[in-house]
Amino acid sequence: MSAVQTRYAGGWKQLICKGLTATYIAACFCFIFAPVAVLVLFSFQDGRLPVPPFHGPTLHWYGQALANDRLLSAMGHSFVVGAGSAFLSVVLGFLAAYGLARYRFRGQALVRGILVLPMAVSYLIVGMGLLVMASWLNIAPSLWLVCISHIVINMPLAFAICSAQFNPAQVRMEMAAADLGASLPRVLLQITVPMMAPALIAAFILCFTLSWDEFLTAFLLSRFDITLPVAIWGLLRGGLNPQTNAIGSMVFFGAAALALGAEYLMFRKKSS
Amino acid sequence: MTVSHPSSASTNHLSVEAVSKHYPGQIALETVSLHVERGNYVVLLGPSGSGKTTLLSLIGGFTLPSSGVIRIGGQDVTDLPPAKRPTTTVFQDYALFPHMSVAANIEFGLKLRGLKADARKVRVSEMLELVGLGQHGERSIQALSGGQRQRVALARALAVEPEILLLDEPLGALDLALRRQMQDELHRIQRQMNRTFVHVTHDQEEAMALADLIVVMSHGRIEDMGPPRRVYMRPATRFAATFMGESTQIEGRIHAQDGQVITLETQQGFLRGMAAPAEGAMTDTDTQSRTWCIGDKAVAIIRPENIKTTPDYGQAIGQALVCETVFQGNYVRVFARSETGQTFVLHSPARQVPASGDTITPHALVDDITIVPAQEG
Amino acid sequence: MNKVATVSRRESLPGLLFVSPALLWLLAFFAAPLLAMIAVSLHDSATGQYGIGNFVQVFTEKAYTDALFNSLTLTAVVTLASLVLAYPLAYSIASLRSARIQRLALTFAVLPFWTSYVVRSYAWLLVLAPTGPLNAALMALGLIHTPLRLAYSTTATEIGFVHFFIMLDTLTIYASLVQINPRLALAARDLGASALRTFLSITLPLSVPGIAVGAFLTIVLCIGDYVTPQILGGMRAIVLPQTVMMQIQKHLDLPMASAMSLVLTVIMAVAYLALYRFLRPEEPGR
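Protein chains in written order, with full-length UniProt numbering: chain A, 1 to 272; chain B, 1 to 377; chain C, 1 to 286.
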């Protein structure tokens, strides 16, 4: 009888604990999703101001945003800068990770430290440095400079992701391939890169997303051709505008889809 | 300690009464009962999935049973959380706190019991001495070897003076030589502390070396239970016989029973052996609760060291052809097969080893043959 | 001795070959610009002479010291608030039943990460606007009668930052929590510790690496950020990156901007050194 009672009491305690946990998670999720929800909801606002009350849904502002040449060309620039910088970041990061994982040489720890150093410095510093150097060398701000800065920012990340994915089993496979007579470039292209493909793709997607979203260096280092975040920044000067909501929502859904895709790739790799 | 429990002589220290543990779609333990006297070293022995670890975690309070009662020193602890039970556990991977020193690990439980700093210090150094780590108190856990970690885990669990110490495969992570050495240590410490130990393992040698009471488990049930010598020499079931070591097993039907001597009709001819005891029997002669019917299927179990090839030794068990001999040092293991397909395994002195292809006539004493019921399925 | 050195140098070659493109890139576009920035910062644009005048100005002129002070207090408040709010969230997620559900909850907890950085602050501006949903909801509930002036204030900046860093800290703390061997907590409970005691003496200390990484990232990203304070903060309490941008855009004074950027970098380096002890990858509870 007493056993039953204590069991019951334990159950209550557990129930309260679970309830508190669930409540806290729910409250946090409300806070975390509040701006996104408001952003998306009022992108459908049938009116001039993206604030309550909500007037019936309309796709008007999406049409407006997609007809905005400045936004569209900025989107194009962001895409090119994102793809280009992500590609180079992954190539450089992968090669460096490969060199560090497969060969022993003096100063390895130092090299590793230097390669991840930009991660510990704010974007402002990276942008400022390039701006100072460009003005010293009389180089005009351009998307090229933006692309260069994004590689400085993202390559350490690509390097870290690739480094984490190298393991001894892969070394043995590469040795087996080399033993069968494959040359080093062939081993790299036919064994290592395919084995690392999920990590490389994930790194690429992550670098692309970060470049796509990067504002500060793009703002400092570009002038006439601008990227999407800089264009959105320009829109903000006009105050609250549902068109900003529309373009923001589109970017969010695109980036979230890419991020989930990258996560899926990494997760599948880990569980296989 | 025993003084504070005057009734301990008459009652069991640990009682597991008809305990079951069911998980959705799976039975981990089915009506298991177990009674342990104070100061005994109990070893739960079985393959993985036999329920031995589940039983230990039920005793420790980490899992609640689906039904049944667990008593320690007469007190019902079935629903008490681990902290409120007079038990402590040595975990399989030791679960030492990596951010604390050796001494701080041992001190942890003492602090929770409100011991003064001086008393804690004395107790910690006592425990360190006990497990042979006298000089290592300030070392960090990371700096210890596997065997040393094992000792710290033991010291930490024993420091709070538990009524019952639970050990979950404590030697599993150690290499063989170290395992045998730690076995002896465990035995010494248990005798010195005079506490009840319940130890889970799948290593029957470890079980025999340590246990006062071996509990052989399989599929969530207790197959056999008793002193190591009895369980090895006179196993209650075929599973217990197999799990405790090598044996020759001859199947047949019961032809006659005369007290404890049963005559089995086999393809090797009639074979007389001793009836298996009931599960839980403490001595060889305790056969009360088992009933035998003429014509039932049964199996004769003979340990390899009890089979001789000399002519005038007990009863002959047909003839067999030697297929293989394996040199083991002080004896040779001989594998042989009869025309009917019956296999034999026996130990032969290194001096007179039969060669492969020789015909031998295995002999065994009635007393060295145990007849166990054939298992269903 | 000499022979050994030459052999190891030859063995070093292939490795260095693979590493060199990345190294050279950072040398040319990270290290060199940084050095250029240091050189420029020592240049006094008013007198055309070299010296530490710009740095003296950063630490003496009220506009700059105020900005520095605002940056430091903002960063401190944001770092602490984010950790305090994120820890229970990470802990709750880590105590969910299965790894699958945990992973799902975590993915969703950081999904707004992927809103555009600029848009995220803008979205908070909407939420906090005098006519925005938050004020509308509070008025509808009768909790307030006049709208709260939340937008364009330091509070708004803090909310915007905390929103972002809760997500980040949740990730780092969760990663630390799931690495802790669950048997450690069982062992502590077995030895008689209460749930609270187990948390304080086992779980919390062992999750310090995650807390430190989260704190470090928060400090670096928060103190160097321009967008969030610029959009949400209004112009009353200006932070250091805002003054840097003003020097560039309005005054075209690169030397002064460089000097202030370097001060920012030094602050980050100090934060790194202070947290270095905890940032080293150690064996966390196996």
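The beta-carbon is built from N, C-alpha and C at its ideal position, and this holds for glycine as well. This structure is a prediction, so every number in the text was calculated from the model and none was measured.
Close-in-space but distant-in-sequence residues of the same chain around residue i (CB under 7 Å, 5 per side omitted)
| i | result |
| --- | --- |
| glycine 329 of chain B | none |
| isoleucine 238 of chain C | Ala67, Asn70 |
| phenylalanine 113 of chain C | Met167 |
Within-8 Å CB hit, residue i to chain A
| i | result |
| --- | --- |
| histidine 145 of chain C | no |
| methionine 268 of chain C | yes |
| isoleucine 166 of chain C | yes |
| isoleucine 93 of chain C | yes |
| leucine 264 of chain C | yes |
| alanine 105 of chain C | yes |
Spatial neighbours of residue i in its chain, beta-carbon cut-off 6 Å, leaving aside the 5 residues before and after
| i | result |
| --- | --- |
| leucine 258 of chain A | Ile205, Thr209 |
| glutamine 190 of chain B | Tyr41, Phe197 |
| phenylalanine 335 of chain B | Cys323, Glu324, Val345 |
| leucine 228 of chain A | Ala74, Met75, Ser78 |
| alanine 236 of chain B | Asp224, Ala276, Pro277, Glu279 |
| leucine 89 of chain C | Thr170 |
| valine 152 of chain A | Pro118, Val126 |
8 Å Cβ cutoff, residue i in contact with chain C
| i | result |
| --- | --- |
| arginine 237 of chain A | no |
| histidine 99 of chain B | yes |
| methionine 155 of chain A | yes |
| isoleucine 151 of chain A | yes |
| alanine 95 of chain B | yes |
| leucine 130 of chain B | no |
| methionine 195 of chain A | no |
| valine 366 of chain B | no |
| arginine 123 of chain B | no |
For residue i, three-class secondary structure by DSSP
| i | result |
| --- | --- |
| threonine 370 of chain B | strand |
| threonine 131 of chain C | coil |
| threonine 196 of chain B | strand |
| glycine 269 of chain B | strand |
| histidine 22 of chain B | strand |
| glycine 160 of chain C | helix |
| threonine 227 of chain A | coil |
| glutamine 319 of chain B | coil |
| glycine 295 of chain B | coil |
| isoleucine 144 of chain C | coil |
| arginine 100 of chain C | helix |
| proline 112 of chain C | helix |
| isoleucine 250 of chain B | strand |
| isoleucine 238 of chain C | coil |
| lysine 111 of chain B | helix |
| methionine 256 of chain C | helix |
| methionine 100 of chain B | coil |
Euclidean distance between Cα positions of residue i and residue j
| i | j | result |
| --- | --- | --- |
| glycine 60 of chain B | isoleucine 70 of chain B | 10 Å |
| serine 142 of chain A | isoleucine 231 of chain C | 25 Å |
| phenylalanine 215 of chain A | valine 118 of chain C | 7 Å |
| methionine 245 of chain C | isoleucine 201 of chain A | 35 Å |
| serine 4 of chain B | isoleucine 72 of chain B | Legend: pLDDT at serine 4 of chain B = 38, less than 50; position of this residue unreliable, no value from coordinates given. |
| glycine 49 of chain B | glutamine 26 of chain B | 11 Å |
| residue 379 of chain B | aspartate 93 of chain B | The displayed coordinates of chain B run from 1 to 377. Any statement about residue 379 of chain B would go beyond what the structure contains. |
| lysine 216 of chain B | phenylalanine 239 of chain B | The displayed chain sequence assigns valine, not lysine, to residue 216 of chain B. Cα to Cα, valine 216 of chain B sits roughly 9 Å from phenylalanine 239 of chain B. |
| glutamine 170 of chain A | methionine 196 of chain A | 9 Å |
| glutamine 319 of chain B | arginine 234 of chain B | 25 Å |
| leucine 111 of chain C | methionine 182 of chain B | 52 Å |
beta-carbon residue i near the ligand ZN non-hydrogen atom, thresh 7 Å
| i | result |
| --- | --- |
| proline 21 of chain C | As presented, the structure is devoid of all ligands, the ligand ZN included, so that no description of it is given. |
Beta carbon proximity, residue i to chain B, threshold 8 Å
| i | result |
| --- | --- |
| leucine 200 of chain C | no |
| leucine 275 of chain C | no |
| proline 241 of chain C | no |
Sequence-distant residues of its chain with Cβ nearer than 8 Å to residue i (five each side left out)
| i | result |
| --- | --- |
| glutamate 158 of chain C | Leu74, Val77, Val78, Ala81 |
| isoleucine 144 of chain C | Asn135, Leu138 |
| glutamate 283 of chain C | Confidence is the limiting factor: at glutamate 283 of chain C the pLDDT is only 41, short of 50, which leaves the residue's position unreliable and the question unanswerable from this model. |
| valine 261 of chain B | Arg272, Gly273, Met274, Ala275, Val366 |
Secondary structure, beta strand (DSSP E): runs of 3+ residues fully inside the stretch 35-61 of chain B:
Runs of the beta strand (DSSP E) inside the stretch 35-61 of chain B: 41-45.
Which complete alpha helix (DSSP H) runs does the stretch 12-75 of chain A hold, if anything under 4 residues is left out?
Taking only runs of at least 4 residues, the alpha helix (DSSP H) segments lying wholly in the stretch 12-75 of chain A are 60-66.
Complete runs of the beta strand (DSSP E) confined to the stretch 144-213 of chain A [at least 3 residues]:
Fully contained in the stretch 144-213 of chain A is no beta strand (DSSP E) run of length 3 or more.
Write down every uninterrupted run of the beta strand (DSSP E) in the stretch 226-258 of chain A whose length is 3 residues or greater and which is fully enclosed by it, in chain order.
Assignment of beta strand (DSSP E) within the stretch 226-258 of chain A, counting only whole runs of 3 or more residues, yields no such run.
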